[in-house]
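Here our numbering runs 2 ahead of the position in the sequence shown, where the first position is 1.
Below is one structure; the comments refer to it alone.
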Amino acid sequence: INTQAEKLFGYTRVELLGQSLETLIPKNYHYKHGQHRKDYFIDPHTRPMGLGLDLYGLHKNGHEFPVEISLSPLQTDEGILVTSIVRDITERKRSEEALKRAHDELEKRVEERTAEISSTNKMLKEQFEELKRAEEQIREQAALLDKTQDAILVQDMEGKIVFWNKSAERLYGWTRQEAIGQRAEKLLFEKYDRQTQEALNTVMEKEEWRGELQNITKDAKEITVESRWTLVKDEKGKPKEKLIVNTDITEKKRLAAQFLRAQRMESIGTLASGIAHDLNNALTPVLMAVQILRERFIDEESQFLLNILTAGAERGSDMVKQVLSFARGVEGNRVLVQPRHFINEIKKIIAQTLPKSIQIDTFVAKDLWPVVGDATQLYQVLLNLCVNARDAMPKGGKLSITAENITLDENYVRTQLEAKAGEYVLINVNDTGIGIAPDLVDKIFEPFFTTKEVGKGTGLGLSTVSAIVKSHNGFVEVYSEIGQGTRFKIFLPSAPQITNQHLDVKPANLLLGQGETLLVADDEASIREITRATLERYGYLVITASDGTEALALYTKHSKEVSVLIIDMMMPYLDGVATIRELQKLNPEVKIIASSGLTSDNKTMEAISIGAKAFLPKPYTAEKLLEVLHNIIHTK
Numbered sequence: 003i004n005t006q007a008e009k010l011f012g013y014t015r016v017e018l019l020g021q022s023l024e025t026l027i028p029k030n031y032h033y034k035h036g037q038h039r040k041d042y043f044i045d046p047h048t049r050p051m052g053l054g055l056d057l058y059g060l061h062k063n064g065h066e067f068p069v070e071i072s073l074s075p076l077q078t079d080e081g082i083l084v085t086s087i088v089r090d091i092t093e094r095k096r097s098e099e100a101l102k103r104a105h106d107e108l109e110k111r112v113e114e115r116t117a118e119i120s121s122t123n124k125m126l127k128e129q130f131e132e133l134k135r136a137e138e139q140i141r142e143q144a145a146l147l148d149k150t151q152d153a154i155l156v157q158d159m160e161g162k163i164v165f166w167n168k169s170a171e172r173l174y175g176w177t178r179q180e181a182i183g184q185r186a187e188k189l190l191f192e193k194y195d196r197q198t199q200e201a202l203n204t205v206m207e208k209e210e211w212r213g214e215l216q217n218i219t220k221d222a223k224e225i226t227v228e229s230r231w232t233l234v235k236d237e238k239g240k241p242k243e244k245l246i247v248n249t250d251i252t253e254k255k256r257l258a259a260q261f262l263r264a265q266r267m268e269s270i271g272t273l274a275s276g277i278a279h280d281l282n283n284a285l286t287p288v289l290m291a292v293q294i295l296r297e298r299f300i301d302e303e304s305q306f307l308l309n310i311l312t313a314g315a316e317r318g319s320d321m322v323k324q325v326l327s328f329a330r331g332v333e334g335n336r337v338l339v340q341p342r343h344f345i346n347e348i349k350k351i352i353a354q355t356l357p358k359s360i361q362i363d364t365f366v367a368k369d370l371w372p373v374v375g376d377a378t379q380l381y382q383v384l385l386n387l388c389v390n391a392r393d394a395m396p397k398g399g400k401l402s403i404t405a406e407n408i409t410l411d412e413n414y415v416r417t418q419l420e421a422k423a424g425e426y427v428l429i430n431v432n433d434t435g436i437g438i439a440p441d442l443v444d445k446i447f448e449p450f451f452t453t454k455e456v457g458k459g460t461g462l463g464l465s466t467v468s469a470i471v472k473s474h475n476g477f478v479e480v481y482s483e484i485g486q487g488t489r490f491k492i493f494l495p496s497a498p499q500i501t502n503q504h505l506d507v508k509p510a511n512l513l514l515g516q517g518e519t520l521l522v523a524d525d526e527a528s529i530r531e532i533t534r535a536t537l538e539r540y541g542y543l544v545i546t547a548s549d550g551t552e553a554l555a556l557y558t559k560h561s562k563e564v565s566v567l568i569i570d571m572m573m574p575y576l577d578g579v580a581t582i583r584e585l586q587k588l589n590p591e592v593k594i595i596a597s598s599g600l601t602s603d604n605k606t607m608e609a610i611s612i613g614a615k616a617f618l619p620k621p622y623t624a625e626k627l628l629e630v631l632h633n634i635i636h637t638k
């Protein structure tokens with residue numbers, strides 16, 4: 003229930019939530035509305051409700067008013083939900099009735115006066131005066147039509163425009179003088195497509211048509227309109243004119259597309275997070291085993307192969323992090339960042355790595371505002387865009403990066419989901435490459451979508467860019483033209499006030515145990531065994547459990563010896579959260595390290611809140627494991 007719905011029906015959001023729909027429908031329309039609703043659920047898809055029928059809404063004060071309802075189904079785990087868009091069409095009804103009434107009245111009066119002209123000159127004069135009054139009435143009616151927000155035009159049967167209201171002037175850019183007498187297809191349509199032809203055929207056959215059409219404005223801008231066509235007949239029943247009422251829904255369609263893309267990203271993210279968890283479990287024993295193998299095999303060839311193994315595992319780990327970037331959102335360290343610094347760093351890097359055939363230009367405003375964010379992540383955003391720009395210019399070209407301050411108003415940000423008006427830092431990344439096809443622009447931010455050859459791209463670069471910018475409360479816009487190049491516009495909210503400080507903590511060296519006993523619980527056998535081998539090699543005694551139930555039994559038996567427990571959060575039967583709760587009951591002072599391949603999982607946060615002393619994200623190295631253990635053991 004949005005704010006407009008509150009205004010339309012007079013109820014607050016709190017008053018309406020949980021109430022029956024019949025609250026908003028006149029009592030004498032309850033049965034008819036129930037039938038419409040039943041018919042809709044037989045075949046639920048996006049369409050108007052009760053097309054061609056009268057629908058009415060009921061205001062809180064008892065006032066009834068005509069409405070137009072559009073329904074869109076949304077499939078959820080709990081069943082089908084339906085999104086309803088309700089529009090008050092009182093003014094439109096009045097306008098359409100007024101226009102038809104004016105035409106009918108004029109025809110009637112002209113016919114009556116024409117018959118009287120042949121009788122006397124006196125009657126001729128009276129007719130002339132009456133005609134003037136009728137014309138004045140038409141002008142008054144036309145003035146009313148000019149006040150509506152809908153573009154209203156009338157075509158004769160040859161397709162020429164005979165009426166064009168002020169809203170049509172505002173929507174299309176053509177003045178009344180320019181439009182009258184012109185053929186509608188010349189002004190409004192780049193070409194007569196199938197939908198337009200269907201409208202023409204249907205209005206001639208059924209006397210009315212309603213649907214969406216693609217129009218163009220005077221300055222060649224493409225817009226989407228919701229169009230209602232009505233056939234107007236003369237007194238003999240012969241088709242005379244076509245009345246067309248168009249409502250601009252371009253912005254609504256754009257927001258709907260963003261909403262659908264967000265839903266699609268959420269679905270893909272859910273799948274990707276599960277895959278990432280399994281990959282992290284697979285990579286953990288690899289990274290830990292490498293440390294042991296380095297000490298056992300010190301010859302040059304073995305070390306070379308181990309370096310390759312480490313690099314491959316770390317590359318896999320980095321890809322998992324990218325997957326989780328859009329699957330669970332991007333967090334990172336939020337500190338005060340001056341974009342000028344990471345832009346200058348990027349310039350140094352790409353100047354050394356990009357081909358000499360690519361000219362690099364940068365411009366940063368001297369008074370550029372700072373932002374609150376993670377400098378490493380923002381650096382990654384620019385690096386990803388620069389790499390894409392390089393790939394788009396195989397024969398060379400120009401790459402420019404600029405940054406400036408900008409203030410966005412409500413009119414601008416309303417086309418972006420969740421964006422707010424205010425002060426932003428705008429970073430532009432422009433290239434003169436091959437460009438992106440119009441039908442692909444809306445797909446480029448989807449994970450795993452790539453236009454590159456097989457093996458030359460993961461399809462995660464731009465989805466990561468989008469996820470990082472969104473996590474900074476910003477948004478990205480892209481403009482591209484085939485053969486001319488592409489521009490990415492990154493909007494980041496400014497932060498003129500210093501909010502916090504951040505110090506980097508350097509990782510500790512490998513730390514040895516002093517014979518302490520540890521209990522490791524993980525359902526992955528490979529992780530249990532490599533963790534046990536690693537910990538025993540560095541001075542610890544280790545007990546292992548394959549699930550939470552076994553971990554509780556072993557801790558009950560060895561509680562006096564066990565110093566720390568390492569608990570996986572995603573175990574079957576008794577998961578990590580439940581296991582930690584039971585361990586807390588046995589010993590409120592027990593020291594627990596929670597571990598998971600999903601670093602932002604809700605269960606992980608719950609585990610920390612109920613007593614885990616630290617969280618160890620997978621995959622982890624022997625160095626990181628030993629560091630965390632040392633800190634936990636020696637913290638009183």
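Beta carbons: idealized from backbone N, C-alpha and C, even for Gly.
Buried versus exposed, by CB contacts within 10 Å (16 or more), residue i
i	result
Gly64	exposed
Val84	exposed
Arg172	exposed
Gln354	exposed
Pro440	exposed
Val579	buried
Thr637	exposed
Ala596	buried
Ile300	exposed
Thr47	With the sequence shown as reference, residue 47 is identified as His, and Thr is not the correct amino acid for it. By the neighbour-count rule (16 or more Cβ atoms within 10 Å), His47 is not buried but exposed.
Leu521	buried
Met290	buried
His32	exposed
C-alpha distance - residue i paired with residue j, whole-angstrom precision
i	j	result
Asn346	Phe365	10 Å
Gly36	Ala170	37 Å
Ile470	Asp444	18 Å
Leu464	Asp577	35 Å
Val156	Leu202	14 Å
Pro241	Thr466	58 Å
Leu370	Glu316	36 Å
Gln503	Asp376	Reliability fails at Gln503, whose pLDDT of 38 lies under 50, so the model's placement of it is uncertain and the value that follows must be treated cautiously. If you take the alpha carbons of Gln503 and Asp376, they lie about 12 Å apart.
Glu107	Arg94	19 Å
Glu209	Ala423	45 Å
Thr163	Gly487	Note on residue identity: the sequence assigns Ile, not Thr, to residue 163. Near 40 Å, if we compare the C-alpha coordinates of Gly487 and Ile163.
Glu137	Ala153	22 Å
Ala624	Val337	29 Å
Arg230	Tyr481	32 Å
Asp236	Ile246	17 Å
Given residue i as reference, the closest of the options once Cα atoms are compared
i	options	result
Ile492	His474, Arg178, Gln486 and Thr637	His474
Ile446	Gly485, Leu387, Ala497 and Tyr414	Leu387
Glu539	Val566, Gln293, Gly550 and Pro68	Here residue 539 turns out to be Arg, not Glu, going by the sequence shown. The shortest Cα separation from Arg539 among Val566, Gln293, Gly550 and Pro68 belongs to Gln293.
Asp433	Glu412, Ala423, Tyr426 and Ile403	Ile403
Ser561	Lys593, Gly541, Arg530 and Thr533	Lys593
Gln382	Lys244, Phe306, Glu425 and Ser468	Ser468
Glu563	Ile532, Val544 and Arg178	Val544
Endpoints, the beta strand (DSSP E) within which residue i is located
i	result
Arg89	Gly81 to Asp90
Glu187	Careful: Glu187 lies outside any beta strand (DSSP E), inside the alpha helix (DSSP H) at Ala186 to Leu190.
Gly424	Gly424 to Asp433
Asp250	Pro241 to Asp250
Ile582	From DSSP, Ile582 is part of no beta strand (DSSP E) but of the alpha helix (DSSP H) over Gly578 to Leu588.
Continuous alpha helix (DSSP H) stretch holding residue i: start and end
i	result
Asn475	No alpha helix (DSSP H) contains Asn475, which DSSP labels as neither H nor E.
Val16	Arg15 to Leu18
Ser74	No alpha helix (DSSP H) holds Ser74; the beta strand (DSSP E) holding it covers Glu66 to Thr78.
Phe490	Counting along the chain, Phe490 falls outside any alpha helix (DSSP H), though it belongs to the beta strand (DSSP E) covering Gly487 to Pro495.
Val164	No alpha helix (DSSP H) contains Val164, which is instead part of the beta strand (DSSP E) from Ile163 to Trp166.
Per DSSP, cross-strand counterpart(s) of residue i
i	result
Gln361	Lys400
Thr519	Leu543 and Val564
Val339	Val373
Trp211	Trp231
Asp158	Glu243
Thr226	Gln216
Asp45	Partner(s): none; Asp45 has no beta bridge.
Thr409	Glu425
Gly183	In DSSP, Gly183 forms no bridge with anything.
Ser597	Asp570 and Leu618
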